[in-house]
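As structure tokens, the structure follows; a few thoughts come after it.
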Amino acid sequence: MTKLDNFTKGIIRENPVLVLVLGTCPTLATSTQTSNAIGMGAAATIVLLCSNAAISALRKVIPDKVRIPCYIVLIAAFVTIVQMLVKAFAPSLNEALGIYLPLIVVNCIILGRAEMYANKNTVGDSVVDALGMGVGFTLTLFVMASIREIFGSGAWFGMAIPFLQNFKISIMTLAPGGFFVFGCLIAVVNRIMMKKGKPRRSLGCKSCPCAEACGKASCETEGKGAEA
Amino acid sequence: MAGHIVSFKGCIVILMSAVLVNNYVLSKFLGICPFLGVSKKLDQATGMSIAVIFVMLLATAVTWPIQHYLLDPNGLGYMQTVVFILVIATLVQFVEIVLKKYIPGLHASLGVYLPLITTNCAVLGVTILNIDESYSFIESLVNAFGSGLGFLLAMVLFAGVRSRLESGDPPEAFKGLPITLIAASIVSVSFFGFAGIIENLFA
Amino acid sequence: MSENMIVSVSPHVRSGMTTQKIMAIVLIALIPAFAASIVFFGARAIAVVAVCACAAVISEYIFEKITKRPSTIGDLSAVVTGVLLAFNLPVSIPLWMAALGSAVAIVVVKQLFGGIGKNFANPAITARIVMLLAFPTAMTTWTAANTVIHTGAVDAVTGATPLGLMAAGETAALPGLSELFFGQCAGCLGETSALALLIGFVILLCTGVITWHTPVVYVATVFVFTWLIGEDPVRHILSGGLLLGAIFMATDYSSTPSTAWGRVIFGLGAGIITTFIRVWGNYPEGVSFSILLMNILTPHISNWTRSKPLGMIVEKKGAN
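Protein chains in written order, with my numbering: chain E, 57 to 284; chain U, 7 to 209; chain A, -4 to 315.
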């Protein structure tokens, strides 16, 4: 696939959140305000870039049996660095993201891309893939957060929209609103994919980094030859 | 370090709050992947949740002392993320091996979920939150247990709802994950009723 | 699952009851409460009910048009949902909010899941809770009840509901028991008049649309538990949305158990949760949340109370 294709697949076709269904926790949690969403997206993208690059560079060196713990260590190291940077340069973002900043380390997108792509491709390709996925992730977060913030608090990026202040639907910024908007967005993407004639994926076990490890647990009963 | 007195009542409040009011899945959005993935069948849901409770307790029991006796005194607080996730990953591996060798029956039913739990944000989340909230050791264990219990409650409730969804008939675009998420939003809405009960009950 | 094939064993007896007939009976049973709402809250009550019912029917029609499904607005279930939702709203609710709530009830809670019979949650109750969370101030602004029929705009006199007063501990301002019984107190449109609702209960019971189990057990449980805690049980069962919820919403076919014991358990659970929320929770009224929580538990309740078919042998689960 071309470099451009590699990049754009992360945006719609293989959008990490809406199609591959990875990284759902931070998506739901940080999409209450657009500024937080962008911050989270950026932080995750940086970690993704670094980890994809590093893992790809070391892919011939890391022994296969211990590769998951090695990836985790690498990713954790990058997350710690990003954590420290955010704490130093954007303390309000640190406050806002709270526990979800360190939780980037278990973000399935990062581990998933490492497992599925970075350890099989060159550094260059992995970096492009990471960029695409990161942009797709950030874009999704941005859309979700915009919807939730505009309808839920009548504001955008923290700036109140005067007309909407009287029509606030507070539930949008609460937990149920998150689930709801997320569900609707996935339905929209499904519709787009259906129109293009692409088959809909069921809860993708194939893109989950633990797929091989969980084997029998069957994330979905139609997992990899899983016993139900 | 926790400088407050640990009371039994305080522990009950932490426990019940974690289960009902600050439910890890329905309010904090931790552990969504297994929640959506493994809640289809009741026995899978219960099995997964018990494994989660177990790992949460164990992880708390190990990470809390490490933070307070190893990292903090030596000014290594920033290593928290790396150390915690490594501890959890190793712990899970270790538990799996031990289970396989000594309690094969348990391993066959619960062991399969253990690798899934390693990258579950709920477990890492609870270990970090224990530190953030400055809980004492006992309180941390209670919090871990409560969070796991909340996870179990959410899973069991949702398994029932999902069995209803099986015979549902949503529009094509909503089939599968979207309708599941909308059902989850309704379940999440119902938990708002518990606001205030715990504090007022034990005030 | 195929939509059109219903396989059942003989004998095949058709009862002549259709959804439309059942819904019509429910609407008739709701007329007394509707009349009471006009008496106590004025002409705006008609507006709210009308808006809710119309919004419900229109959203169902539009949804079925867009998704190319057969139109079901003729079965009157949308009208019932709209009316029930309206009865759960304060009279001063902005009409656009009421319309939005109706749309949510029909589209999100009922139609998205497949339409009538496929929803696991009661549409009116869920929409009411969603509105409470979405528009907290509008949903908790109560108007004092009147005894004179109003033809114009509603009085801007705000009052607290009996439950609100009880929760705040202000016993001096509480309305008397007869006022609670007839409905002369602040509250949502359809919930204030115990008399009107009980008439509806009798209608539904006599026509066989509902069974006695859920409403009686639900109300009795609240009575017993509030009495055990030391609160005034009679006041509790006459206040708030308990009677409305127990009679009309805890008996919804789709979201509640269908076995007798299942209904008893439903009533029991709902009663306990209602008491807890009323006495200790932050919200003064717990009926909506209780019913929704029990709706969520219903699949499990149905499993527990499923009667064993004749001759079935329960296999022992093999050791895993």
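A virtual CB, placed ideally from N, CA and C, is assigned to each residue, including glycine.
Environment of residue i [buried if 16+ CB atoms lie within 10 Å]
i, result
"Thr58 of chain E", "exposed"
"Phe197 of chain U", "buried"
"Thr178 of chain E", "exposed"
"Lys121 of chain E", "exposed"
"Met307 of chain A", "exposed"
"Thr156 of chain A", "buried"
"Tyr108 of chain U", "exposed"
"Tyr75 of chain U", "exposed"
"Phe213 of chain E", "exposed"
"Gly83 of chain U", "exposed"
"Trp70 of chain U", "buried"
"Ala93 of chain A", "buried"
"Ser3 of chain U", "In this structure chain U extends from 7 to 209, so residue 3 of chain U is not present and cannot be described."
"Pro304 of chain A", "exposed"
"Glu151 of chain E", "exposed"
"Asn114 of chain A", "buried"
"Ser191 of chain U", "buried"
"Trp137 of chain A", "buried"
"Thr13 of chain A", "exposed"
"Val8 of chain A", "exposed"
"Lys224 of chain E", "buried"
Candidates the options: closest to residue i by CA position
i, options, result
"Lys65 of chain E", "E:Ile225, E:Thr136, E:Ala152, E:Tyr173", "E:Tyr173"
"Pro118 of chain A", "U:Val195, U:Ser45, U:Leu36", "U:Val195"
"Leu175 of chain A", "A:Ile232, A:Ile198, A:Ala162", "A:Ile232"
"Val184 of chain E", "E:Leu104, E:Ser91, E:Thr80, E:Pro125", "E:Leu104"
"Ser140 of chain U", "U:Gly166, U:Leu82, U:Gln73", "U:Gln73"
"Gly266 of chain A", "A:Asp227, A:Val212, A:Tyr248", "A:Val212"
"Ala372 of chain A", "A:Trp275, A:Ile120, A:Cys183", "With chain A represented from -4 up to 315, any question about residue 372 of chain A goes unanswered, as that position is not in the structure."
"Ser87 of chain E", "E:Val237, E:Pro125, E:Gly168", "E:Val237"
"Glu6 of chain U", "A:Pro294, A:Thr136, A:Ala40", "Past the boundaries of the shown model lies residue 6 of chain U; chain U is included only from 7 to 209, so the question cannot be answered."
"Pro232 of chain E", "U:Val12, U:Glu205, U:Asn29", "U:Asn29"
"Leu183 of chain U", "E:Val245, E:Ile225, E:Ser226", "E:Val245"
"Gln106 of chain A", "A:Met289, A:Thr246, A:Tyr56", "A:Tyr56"
"Ile88 of chain A", "A:Thr76, A:Asn298, A:Glu59, A:Phe36", "A:Phe36"
"Met250 of chain E", "E:Leu230, E:Phe63, E:Arg69", "E:Arg69"
"Asp61 of chain E", "E:Glu205, E:Ala211, E:Gly188", "E:Gly188"
"Thr251 of chain A", "A:Asp227, A:Phe284, A:Gly195, A:Ile291", "A:Ile291"
"Phe108 of chain A", "A:Ala81, A:Glu59, A:Gly69", "A:Glu59"
"Ala163 of chain A", "A:Phe177, A:Val102, A:Arg273", "A:Arg273"
CB of residue i within 7 Å of CB of residue j, strictly
i, j, result
"Leu160 of chain A", "Leu169 of chain A", "yes"
"Leu71 of chain A", "Met18 of chain A", "yes"
"Ile242 of chain E", "Ile91 of chain U", "no"
"Ala57 of chain U", "Leu120 of chain U", "yes"
"Val199 of chain E", "Val161 of chain E", "no"
"Thr269 of chain A", "Val282 of chain A", "yes"
"Gly95 of chain E", "Cys164 of chain E", "no"
"Ala50 of chain A", "Ser97 of chain A", "yes"
"Ser182 of chain E", "Asn108 of chain E", "yes"
"Ala48 of chain A", "Val21 of chain A", "no"
"Phe193 of chain E", "Leu187 of chain U", "no"
"Ala12 of chain E", "Ile111 of chain E", "Given a span of 57 to 284 for chain E in the structure shown, any question on residue 12 of chain E remains unanswerable."
"Pro158 of chain E", "Thr87 of chain U", "yes"
"Arg168 of chain U", "Ser45 of chain U", "yes"
"Pro27 of chain A", "Ile242 of chain A", "no"
"Thr76 of chain A", "Ala100 of chain A", "yes"
"Ile296 of chain A", "Gly257 of chain A", "yes"
"Val102 of chain A", "Ser66 of chain A", "no"
Distance between beta carbons of residue j and residue i, contact taken as under 8 Å
i, j, result
"Phe356 of chain A", "Thr187 of chain A", "This structure cannot settle anything about residue 356 of chain A, because the visible part of chain A is limited to -4 through 315."
"Ala128 of chain U", "Leu207 of chain U", "In fact, because the Cβ distance is near 26 Å, the residues do not count as touching under 8 Å."
"Gly199 of chain U", "Tyr278 of chain A", "7 Å"
"Glu280 of chain A", "Gly236 of chain A", "6 Å"
"Leu84 of chain E", "Ile38 of chain U", "6 Å"
"Ser55 of chain U", "Met161 of chain U", "5 Å"
"Trp275 of chain A", "Ile203 of chain U", "5 Å"
"Ile123 of chain U", "Val31 of chain U", "Not a contact, Cβ separation roughly 14 Å."
For this session: Only counting runs of 4 or more residues, tell me where the alpha helix (DSSP H) segments fall wholly within the region 38 to 74 of chain U, in order along the chain.
Result: Correct list: 38 to 44, 48 to 71.
For this session: Return the chain-ordered ranges of every alpha helix (DSSP H) run that is complete within the region 182 to 222 of chain A and spans a minimum of 4 residues.
Result: 189 to 201
Problem set entry | Ordered list of alpha helix (DSSP H) runs contained in the region 48 to 134 of chain A, each at least 4 residues | 72 to 82, 90 to 98, 118 to 129, 131 to 134
For this session: List in chain order: all unbroken alpha helix (DSSP H) runs of 4+ residues lying wholly within the region 271 to 299 of chain A.
Result: Listed in chain order, they are 282 to 299.
For this session: Let me know the beta strand (DSSP E) ranges lying completely inside the region 104 to 163 of chain U, each 3 residues or longer, listed in chain order.
Result: none
For this session: Give, in chain order, every residue of the region 131 to 156 of chain E whose Cβ lies closer than 7 Å to some Cβ of chain C.
Result: Absent from the structure: chain C. Protein chains present are E, U and A.
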